[in-house]
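See below for the structure under consideration.
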Amino acid sequence: MSEQQVTGILTNAGKQHITSCALENTGLNVSTLVLANVPNLSDNAARDPNMAIPAQAQIVYQTDELITGFIDEHTVAWATVMDQDIGDFDYNWIGLVTSTGILLALDYLPLQRKRQGVNNVHNRSFVLKFAAAKALTRIEIKASSWMFDYSPRLDSMTLAIVANASAQIDNMTRYLGLKDVVTGLRNTIELQQVHIGKLEQKGQVQQEKQAVMIKQRQQKDSEVQTAIVNMTTAQVSTMYRQVKQITSTS
Numbered sequence: 081m082s083e084q085q086v087t088g089i090l091t092n093a094g095k096q097h098i099t100s101c102a103l104e105n106t107g108l109n110v111s112t113l114v115l116a117n118v119p120n121l122s123d124n125a126a127r128d129p130n131m132a133i134p135a136q137a138q139i140v141y142q143t144d145e146l147i148t149g150f151i152d153e154h155t156v157a158w159a160t161v162m163d164q165d166i167g168d169f170d171y172n173w174i175g176l177v178t179s180t181g182i183l184l185a186l187d188y189l190p191l192q193r194k195r196q197g198v199n200n201v202h203n204r205s206f207v208l209k210f211a212a213a214k215a216l217t218r219i220e221i222k223a224s225s226w227m228f229d230y231s232p233r234l235d236s237m238t239l240a241i242v243a244n245a246s247a248q249i250d251n252m253t254r255y256l257g258l259k260d261v262v263t264g265l266r267n268t269i270e271l272q273q274v275h276i277g278k279l280e281q282k283g284q285v286q287q288e289k290q291a292v293m294i295k296q297r298q299q300k301d302s303e304v305q306t307a308i309v310n311m312t313t314a315q316v317s318t319m320y321r322q323v324k325q326i327t328s329t330s
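Each residue of the sequence shown is one higher than the one before, counting from 81 in my numbering.
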């Protein structure tokens, strides 16, 4: 994770725009943060307050997803987060553009490289200081609520995880031997496979026994049902003959 706080300059066009917004009480609306790769631009050079927005071919990234916050009554900040899916590009220029397309402020940077990749996240915040900045931008959220660098904490956690994993590997290699560990794992897997095979054979035998028992039970039930039917038929025949005999005698 990379975090950088930029404190650039107001352009002359930006100063005029701020004055107009203050006189007209319209509020200052910064809508876009622009990153560009300007050839032959040195971060040690004096910032040009008359500089325009770089040519479209030099702009490598721009976003209107900005986080805003005030530091004090006269200092405000805009920030953006470029997550790990954004890239690949290089940039050495950063600027803030108003909703009316005016380049408000700019700064020059050492060449920054933004590449896609896990944990390759860039946080960029642009801080400006001018009279009544908080009131003019109408920003009500404190920048301290989001201006926090998690990099040291993440780095320490990463180092701790790597150190712990390395220690475990060293211990296994030193006391058990890597070859012995692999052999032990292979033997365990083979024993489990043999055990599973035996369980499958045992289960198959049990299923066959159950099938035989069920077949025998069904056959026995069929014999009992046949005997009951025969017995009932004989009883009905006997009763019929008796009734017929009584009827004929009467």
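Beta carbons are placed, not taken as given, at the ideal position from N, Cα and C, and that holds for glycine.
Length of the line joining the Cα atoms of residue i and residue j
{"i": "residue 143", "j": "residue 113", "result": "6 Å"}
{"i": "residue 111", "j": "residue 207", "result": "15 Å"}
{"i": "residue 170", "j": "residue 191", "result": "7 Å"}
{"i": "residue 132", "j": "residue 198", "result": "35 Å"}
{"i": "residue 147", "j": "residue 88", "result": "17 Å"}
{"i": "residue 234", "j": "residue 99", "result": "Its pLDDT being 46, under 50, residue 234 is placed unreliably by the model, and the measurement read from it follows with that caveat. Looking at the two C-alpha atoms, the distance is approximately 43 Å."}
{"i": "residue 200", "j": "residue 153", "result": "34 Å"}
{"i": "residue 106", "j": "residue 94", "result": "15 Å"}
{"i": "residue 167", "j": "residue 139", "result": "13 Å"}
{"i": "residue 119", "j": "residue 135", "result": "11 Å"}
{"i": "residue 224", "j": "residue 216", "result": "19 Å"}
{"i": "residue 232", "j": "residue 108", "result": "Only weak support is given to the placement of residue 232: the predicted model assigns it a pLDDT of 49, under 50, and the value that follows is read from those uncertain coordinates. Between residue 232 and residue 108, the C-alpha separation is close to 35 Å."}
{"i": "residue 196", "j": "residue 202", "result": "11 Å"}
{"i": "residue 158", "j": "residue 205", "result": "5 Å"}
{"i": "residue 80", "j": "residue 91", "result": "Outside the displayed span of the chain (81 to 330) sits residue 80, for which this structure offers no information."}
{"i": "residue 218", "j": "residue 121", "result": "34 Å"}
{"i": "residue 116", "j": "residue 150", "result": "26 Å"}
{"i": "residue 155", "j": "residue 141", "result": "25 Å"}
{"i": "residue 172", "j": "residue 123", "result": "8 Å"}
{"i": "residue 103", "j": "residue 176", "result": "21 Å"}
{"i": "residue 187", "j": "residue 221", "result": "24 Å"}
{"i": "residue 194", "j": "residue 127", "result": "23 Å"}
{"i": "residue 182", "j": "residue 130", "result": "12 Å"}
{"i": "residue 179", "j": "residue 101", "result": "12 Å"}
{"i": "residue 226", "j": "residue 137", "result": "32 Å"}
{"i": "residue 230", "j": "residue 174", "result": "The pLDDT assigned to residue 230 is 47, lower than 50, so where the model puts this residue is not dependable, and the model offers no usable value."}
Bridge partners - residue i, DSSP secondary structure assignment
{"i": "residue 152", "result": "155"}
{"i": "residue 147", "result": "159"}
{"i": "residue 142", "result": "114"}
{"i": "residue 332", "result": "Outside the displayed range of the chain (81 to 330) lies residue 332, so it cannot be described from this structure."}
Delimiting residues of the alpha helix (DSSP H) encompassing residue i
{"i": "residue 95", "result": "92-104"}
{"i": "residue 213", "result": "213-217"}
First and last residue of the uninterrupted beta strand (DSSP E) at residue i
{"i": "residue 192", "result": "183-194"}
{"i": "residue 175", "result": "169-178"}
{"i": "residue 116", "result": "110-116"}
{"i": "residue 205", "result": "202-209"}
Supposed contact pair residue j and residue i - C-beta distance, whole angstroms, cut 8 Å
{"i": "residue 184", "j": "residue 97", "result": "7 Å"}
Quiz item: Would you say the segment 159-169 touches the segment 208-215, given that touching needs at least three Cβ pairs under 8 Å?
Solution: No, the segment 159-169 is not in contact with the segment 208-215.
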